[in-house]
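Residue numbers (the numbering used here), protein chains in the order written: chain A, 1082 to 1276; chain B, 11 to 360.
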């Protein structure tokens, strides 16, 4: 009887210590699949596209001066319980490369939850808009990025390879992927000066 | 009569225990030093590990036994002090591997969960394994070896596409403090010598090439992990904790990316085996036939240590100190077996 009582107390202690009180339930979690960085009405905005079975991916536009601020604001004001662990693509508008790329890449490198093999690419207005239209377009964009890397093996596509190039080639040029959409989505190499 | 098992099985198990050190690596290998310098540090560290194995091997060759058995047979009055030394040492070893494991689990794999809870779950399994004995644990080692081969294959082949030799350097460039830190870190697998010193007597068919092969495999694994951390992760590795774990995140095959679950499973099983073996060694030093109470007691102490480390950085720093571990290892793996080297008769072959 005494042993059972001790075991019961131990079990209760364990249950109170498991740390699941703050856990995220799958149905309430917002899994972010891709993030677009663009300027909307002159304001720098980060658009978070959520993983969904809907035809049109649900998106949340967060005005912020950096990705760090956008993540903080998104968690507090816009998308509670959001998760960036499954982030597949970070798309930066062509005009914002010099402004945000290095700073945001540095921030991501310090966070544990970002996947180092997520794709980072530059894109134009129409490509960014196309991604917001349907989930199909997002899959298509992913395929185009992979095809581009196959055709041009030297092009840097994953976050980790771009970050490493930025760190070691200070002032030098390397190729990243540029995603455009005039009639259809198309990916091609684009030189990036990381100075 | 005691049933003995193959020495090869024990060596395989100890090799997996030694390999777990690199799985839990967290900034101990400096990225400022070049790959070649770190490789040399690793080889010298493992050389020291080989030296710490020698006294136990000598006893094994001479008497076919281990120092704990000899001490129980020839110096029964010293049983208590030896049991105390072993208890302190193996508690330290168990805490030394458990703390980075729970840390890595809670920081990288499942953020939000309490480290002490992860520790508690693992310790519960260790109690069971320690009760079953070393023979069963080493049998589990055979299964783990296959799993480790599979995971390592995925880990390394999945990172080949990211490998870029310009990410690191082969030149001899290093900071003196970093080199010393890396050398000390690579000496820490010597705790397997202490485990071997305590349980070697339960094995048969020992051959000198077994420890050499174990250390060789360990060296190859360490070198491969260091190579991929340096040349695949590059500068990114310097920004993150637990660089070996990051390798499992970057491993990818086409659109399939990340083998964190395999990595965590391998780390879990390796740490489980080390703690179970440590508990078995502690119990053996007490000489008890029915060791349930002792095992539970030792595990409770370990759990209290885990709990304390969650709240106190000083306690955590104490139990993560490579210097203390190596000092204690020197006592248990070298001094005590050396003291019994000349004791006992000549080995009688069965």
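C-beta atoms are modelled at their ideal positions from N, C-alpha and C, and glycine is treated no differently.
Note that the structure is a prediction, hence the values are computed from the model and not measured.
Extent of the continuous beta strand (DSSP E) run through residue i
i	result
residue 1204 of chain A	1200–1204
residue 269 of chain B	Premise fails: residue 269 of chain B is in no beta strand (DSSP E) and is neither H nor E.
residue 1269 of chain A	1266–1274
residue 1257 of chain A	1254–1262
residue 1119 of chain A	1111–1121
Euclidean distance between Cα positions of residue i and residue j
i	j	result
residue 1132 of chain A	residue 1162 of chain A	13 Å
residue 77 of chain B	residue 346 of chain B	7 Å
residue 39 of chain B	residue 1089 of chain A	44 Å
residue 1236 of chain A	residue 238 of chain B	20 Å
residue 54 of chain B	residue 339 of chain B	17 Å
residue 181 of chain B	residue 1240 of chain A	27 Å
residue 140 of chain B	residue 279 of chain B	14 Å
residue 109 of chain B	residue 1246 of chain A	34 Å
residue 1202 of chain A	residue 147 of chain B	49 Å
residue 69 of chain B	residue 231 of chain B	29 Å
residue 32 of chain B	residue 254 of chain B	7 Å
residue 58 of chain B	residue 200 of chain B	8 Å
residue 359 of chain B	residue 216 of chain B	Confidence in residue 359 of chain B is poor, its pLDDT being 46 and thus under 50, which makes the residue's placement unreliable; the coordinate value appears in the next sentence. Each residue's alpha carbon lies about 12 Å from the other.
residue 1093 of chain A	residue 233 of chain B	45 Å
residue 1258 of chain A	residue 320 of chain B	44 Å
residue 266 of chain B	residue 1144 of chain A	32 Å
residue 1270 of chain A	residue 1229 of chain A	7 Å
residue 171 of chain B	residue 1170 of chain A	19 Å
residue 43 of chain B	residue 1124 of chain A	44 Å
residue 251 of chain B	residue 1087 of chain A	39 Å
residue 120 of chain B	residue 1159 of chain A	24 Å
residue 352 of chain B	residue 83 of chain B	14 Å
C-beta atoms of residue i and residue j nearer than 8 Å
i	j	result
residue 202 of chain B	residue 24 of chain B	yes
residue 368 of chain B	residue 101 of chain B	Absent from the model: residue 368 of chain B. The displayed extent of chain B is 11 to 360, so no value can be given.
residue 1204 of chain A	residue 1172 of chain A	yes
residue 1212 of chain A	residue 1117 of chain A	yes
residue 52 of chain B	residue 236 of chain B	yes
residue 290 of chain B	residue 144 of chain B	yes
residue 264 of chain B	residue 1196 of chain A	no
residue 1184 of chain A	residue 1147 of chain A	yes
residue 1168 of chain A	residue 1199 of chain A	yes
residue 62 of chain B	residue 344 of chain B	yes
residue 18 of chain B	residue 297 of chain B	no
residue 95 of chain B	residue 341 of chain B	yes
residue 164 of chain B	residue 257 of chain B	no
residue 45 of chain B	residue 179 of chain B	yes
residue 194 of chain B	residue 50 of chain B	no
residue 281 of chain B	residue 128 of chain B	no
residue 1164 of chain A	residue 1113 of chain A	yes
Residue i, buried or exposed, once every other Cβ within 10 Å from all chains shown has been counted against 16
i	result
residue 333 of chain B	exposed
residue 302 of chain B	exposed
residue 220 of chain B	buried
residue 41 of chain B	buried
residue 226 of chain B	exposed
residue 1174 of chain A	buried
residue 1138 of chain A	buried
residue 48 of chain B	buried
residue 1268 of chain A	buried
residue 356 of chain B	Caution is warranted here: a pLDDT of 49 is assigned to residue 356 of chain B, below 50, making its placement in the model unreliable, and no coordinate value can be reported.
residue 169 of chain B	buried
residue 1218 of chain A	buried
residue 208 of chain B	buried
residue 80 of chain B	buried
residue 1091 of chain A	exposed
residue 190 of chain B	exposed
Opening and closing residue of the alpha helix (DSSP H) in which residue i lies
i	result
residue 1154 of chain A	1148–1154
residue 162 of chain B	144–167
residue 116 of chain B	Run containing residue 116 of chain B: none; DSSP gives neither H nor E here.
residue 1140 of chain A	Residue 1140 of chain A -> not in any alpha helix (DSSP H); beta strand (DSSP E) instead, spanning 1140–1144.
residue 198 of chain B	Run containing residue 198 of chain B: none; DSSP gives neither H nor E here.
residue 1131 of chain A	Looking at the DSSP string, residue 1131 of chain A is not in any alpha helix (DSSP H); the run it does join, the beta strand (DSSP E), is 1124–1131.
residue 230 of chain B	219–238
Cβ-Cβ separation, residue j to residue i (assumed contact under 8 Å), whole Å
i	j	result
residue 1244 of chain A	residue 330 of chain B	Between residue 330 of chain B and residue 1244 of chain A the Cβ distance is about 29 Å, and since that is not below 8 Å, they are no contact.
residue 66 of chain B	residue 213 of chain B	Between residue 213 of chain B and residue 66 of chain B the Cβ distance is about 11 Å, and since that is not below 8 Å, they are no contact.
residue 292 of chain B	residue 28 of chain B	So it is not a contact: roughly 20 Å between Cβ atoms.
residue 1119 of chain A	residue 1126 of chain A	6 Å
residue 260 of chain B	residue 243 of chain B	7 Å
residue 160 of chain B	residue 26 of chain B	The Cβ separation is near 13 Å, so there is no contact.
residue 56 of chain B	residue 198 of chain B	Not a contact, Cβ separation roughly 10 Å.
residue 173 of chain B	residue 272 of chain B	Contact flag wrong, Cβ pair sits at about 20 Å.
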